[in-house]
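Just so you know, we're using our numbering here: the sequence shown kicks off at 485 and counts up by one.
Glycine included, every Cβ here is placed at the ideal spot set by N, Cα and C.
These numbers were taken from a predicted model, which means no experiment stands behind them.
Note sheet for the following structure.
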Amino acid sequence: MSVDVTEATFEAEVVERSRQIPVVVDFWADWCGPCKQLTPALEKAEASRDGDVVLAKVDVDANQRLAAAFQVQGIPAVKAFRGAKVVDEFVGALPPAKVEAFFDGLTPSRADELLAAGDELSLREAAELEPRRAEIAVALGKARLERGAEDEALEAVAGHEADFAAAGIAARVRLVEAGVGTDAFAALDGGEREAALDALIALIADADDSRDDLRRAVVGILADLDPADPAGREYRRRLSAAL
Numbered sequence: 485m486s487v488d489v490t491e492a493t494f495e496a497e498v499v500e501r502s503r504q505i506p507v508v509v510d511f512w513a514d515w516c517g518p519c520k521q522l523t524p525a526l527e528k529a530e531a532s533r534d535g536d537v538v539l540a541k542v543d544v545d546a547n548q549r550l551a552a553a554f555q556v557q558g559i560p561a562v563k564a565f566r567g568a569k570v571v572d573e574f575v576g577a578l579p580p581a582k583v584e585a586f587f588d589g590l591t592p593s594r595a596d597e598l599l600a601a602g603d604e605l606s607l608r609e610a611a612e613l614e615p616r617r618a619e620i621a622v623a624l625g626k627a628r629l630e631r632g633a634e635d636e637a638l639e640a641v642a643g644h645e646a647d648f649a650a651a652g653i654a655a656r657v658r659l660v661e662a663g664v665g666t667d668a669f670a671a672l673d674g675g676e677r678e679a680a681l682d683a684l685i686a687l688i689a690d691a692d693d694s695r696d697d698l699r700r701a702v703v704g705i706l707a708d709l710d711p712a713d714p715a716g717r718e719y720r721r722r723l724s725a726a727l
């Protein structure tokens, strides 16, 4: 159920509350026809999320300083607060489907929750829910590699060749099957990333059929590093030199 917010209660009901849960603020007025069109969609979106989002309503006529503070120039104006700041907003009476999408952007999807859980069973369910998301496929592939299920890891990342990390996992599986780089991947699994990268790059010079997969494997490992990481830049330079 939505809550009416005033200048006196805004800080507590919206700003502070948004540190724990997203708060959607509807700036409206009784004379505003589009506001009345939008209200049912906002209330339905809030109700369907079982308390994961709060809907607050601000009457701009009665709270003109609030409207001015948030630069409300047309109504309905809807602003979403999370972490004590505005993270998304729109103006006008959007259709219900777009209102639902707006609310969806404020809360994690079921797939996001499963991805955060991180265990293989959860990741498999997440991949079934959102098969096009490469980061889920990569996480599932890594989980399967951890238990030595290379074929299942390859299956997990199938169809995500455009993603560097996914392509790296697929390349790793093919390399291991060909008996190439097994010591390097053992080092990687043991937490020795630099040793693994050193070994894989060293193999490129004498590689023939496995050259492209060695490159993909190295790029896949580097995909986990921050682009600004000096080590990543150095290994990318070395990879380019080796190629």
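For residue i, tell me which candidate among the options has the shortest Cα-Cα distance.
i       : options                            : result
Asp-667 : Ala-686, Ala-651, Ser-724          : Ala-686
Ser-502 : Asp-572, Pro-711, Val-703, Leu-522 : Asp-572
Gly-674 : Glu-630, Val-657, Leu-522, Thr-490 : Glu-630
Pro-579 : Ser-606, Ala-707, Pro-518, Gly-602 : Pro-518
Asp-693 : Ala-601, Gly-663, Glu-676, Ala-595 : Gly-663
Gly-567 : Glu-495, Ala-601, Ala-525, Glu-500 : Glu-500
Arg-722 : Leu-638, Asp-682, Val-544          : Asp-682
Leu-598 : Val-660, Ala-610, Gly-589, Phe-587 : Ala-610
Val-508 : Ala-529, Glu-614, Ala-595          : Ala-529
Arg-617 : Ala-595, Ala-546, Leu-709          : Ala-595
Glu-634 : Tyr-719, Thr-523, Ile-559, Glu-661 : Glu-661
Going straight from the alpha carbon of residue i to that of residue j, what length do you get?
i       : j       : result
Arg-533 : Ala-679 : 48 Å
Glu-636 : Leu-539 : 44 Å
His-644 : Phe-565 : 34 Å
Gln-504 : Asp-536 : 10 Å
Leu-550 : Arg-628 : 53 Å
Ala-715 : Ala-689 : 21 Å
Phe-574 : Glu-676 : 48 Å
Glu-495 : Asp-543 : 15 Å
Met-485 : Lys-541 : 11 Å
Pro-506 : Ala-712 : 31 Å
Ala-600 : Leu-590 : 16 Å
Ala-725 : Ala-701 : 16 Å
Gly-625 : Ala-655 : 12 Å
Ala-651 : Val-489 : 51 Å
Gly-704 : Ala-546 : 57 Å
What does DSSP give as the partner residue(s) for residue i in the beta ladder?
i       : result
Ala-564 : Val-508, Asp-572
Asp-488 : Lys-541
If you run the structure through DSSP and keep just helix, strand and coil, what is residue i?
i       : result
Ala-633 : coil
Leu-539 : strand
Asp-693 : coil
Asp-667 : helix
Leu-590 : coil
Cys-516 : coil
Phe-554 : coil
Gly-652 : helix
Asp-534 : coil
Leu-613 : helix
Asp-596 : helix
Leu-578 : coil
Phe-493 : Sequence inspection shows Thr at residue 493; the Phe mentioned does not correspond to that position. Note: Thr-493 maps to coil in three-state DSSP.
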